[in-house]
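In the numbering used here, the protein residues as written are 1 to 192.
The structure is reproduced here in structure tokens:
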């Protein structure tokens with residue numbers, strides 16, 4: 001990644017947010033615009049978003065305790081390097097508040113999303129593949145997510161390495177495999 005890339009990505013984040021704001025919208029409202037209410041844990045949009053060219057994928061959801069964390073919900077971002085039917089690898093979760101403002105980036109333990117596990121360095125190598133260029137459900141949300149990942153690529157790489165360090169240091173309950181231990185959910189976090 002060149003030094004210009006994060007700056008260009010930050011410009012794209014701001015552009016997407018400004019364009020949505022002109023219509024009285026946010027990343028959050030645009031993501032949920034076709035919904036008849038919000039159900040906790042449900043993935044939005046239905047069927048998730050997948051770009052067949054890049055293998056990038058995302059969904060949005062919220063939890064009962066999201067507001068306690070200062071967020072409305074979060075986007076889980078993945079890459080499927082071998083296509084829709086291939087293994088899925090979680091890259092990062094992007095937490096936003098009710099106004100669509102970025103509040104945190106975080107990684108999760110494997111049980112949270114049920115992805116195919118990759119160690120830190122192979123996961124980091126997939127970051128550049130996350131590129132959602134799809135018209136639906138919202139081109140601006142798709143570009144915003146791509147730009148957030150690009151703008152924070154170094155920070156995300158650090159969080160992924162912290163994830164692996166946290167998992168290596170963690171002592172699971174009851175001899176349970178660490179990746180399946182439900183007492184360990186968030187493995188690293190960066191708040192904004």
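Just so it is clear, CB atoms sit at the ideal spot from N, CA and C, and this is done for glycine as well. All values reported here derive from a predicted model rather than from experimental measurement.
Contact between the segment 105-123 and the segment 15-23 is absent: fewer than three C-beta pairs spanning the two stretches fall below 8 Å.
Residue 28 sits in a helix when the DSSP states are folded into three classes. The beta carbon of residue 191 is closer than 6 Å to those of 104 in its chain, skipping five residues each way along the sequence.
Between the alpha carbons of residue 143 and residue 168 lies a gap of roughly 34 Å.
By alpha-carbon distance to residue 45, the top candidate from 53, 52, 175, 34 is 34.
Within the DSSP bridge table, the entry for residue 93 names 76, 106 as partners. Under the criterion of beta carbons closer than 8 Å, residue 73 and residue 80 do not qualify as touching, at roughly 22 Å.
Taking C-beta atoms as the reference points, residue 26 and residue 100 count as a pair closer than 9 Å.
Rounded to whole angstroms, the separation of the alpha carbons of residue 63 and residue 145 is 20 Å.
One Cα belongs to residue 149, the other to residue 172, and the distance between them is close to 31 Å.
Put simply, the backbone Cα of residue 187 is about 6 Å away from that of residue 166.
DSSP places residue 186 inside the beta strand (DSSP E), whose first and last residues are 186-191. Under the three-state reduction of DSSP output, residue 58 falls in the strand class.
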